[in-house]
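Heads up, the thing below is written out as structure tokens.
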Amino acid sequence: MSDLNIQININFTMLCIFLILYDIEFTLLFPILFNIWNINILQYVFFIVFLLLITASLFYDWQTNSLS
């Protein structure tokens, strides 16, 4: 153990986590955009729920001022 005291800003950490999650979410949604005519109703519902979760998390980030 060292005597080095490293301070980590929680806002910076939360912003990094949110940006990584948004990148992963959009990477998962990207293939659906190319196969939009070949999906069934269950995949469509999953797509809509996923978009709602992304929107809700972005709204939460905006309300808690995590993005600034």
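FYI, in the numbering used here the residues of the sequence shown are -3 to 64.
Glycine included, every Cβ here is placed at the ideal spot set by N, Cα and C.
Selection from the options that minimises the alpha carbon distance to residue i
i	options	result
Phe30	Thr51, Tyr18, Thr9, Phe43	Phe43
Thr23	Asp57, Leu47, Thr60	Leu47
Ile50	Asp(-1), Leu25, Phe8	Leu25
Asp19	Asn61, Leu54, Thr60, Trp58	Leu54
Straight-line Cα distance separating residue j from residue i
i	j	result
Ile16	Tyr56	16 Å
Cys(-1)	Gln59	Reading off the sequence shown, one finds Asp at residue -1, where the question assumed Cys. Rounded to the nearest angstrom, the two C-alpha atoms are 37 Å apart.
Ile6	Val45	29 Å
Cys12	Val41	29 Å
Pro27	Asn1	44 Å
DSSP state of residue i mapped onto helix, strand, coil
i	result
Asn31	coil
Gln3	coil
Thr51	helix
Thr9	helix
Thr60	coil
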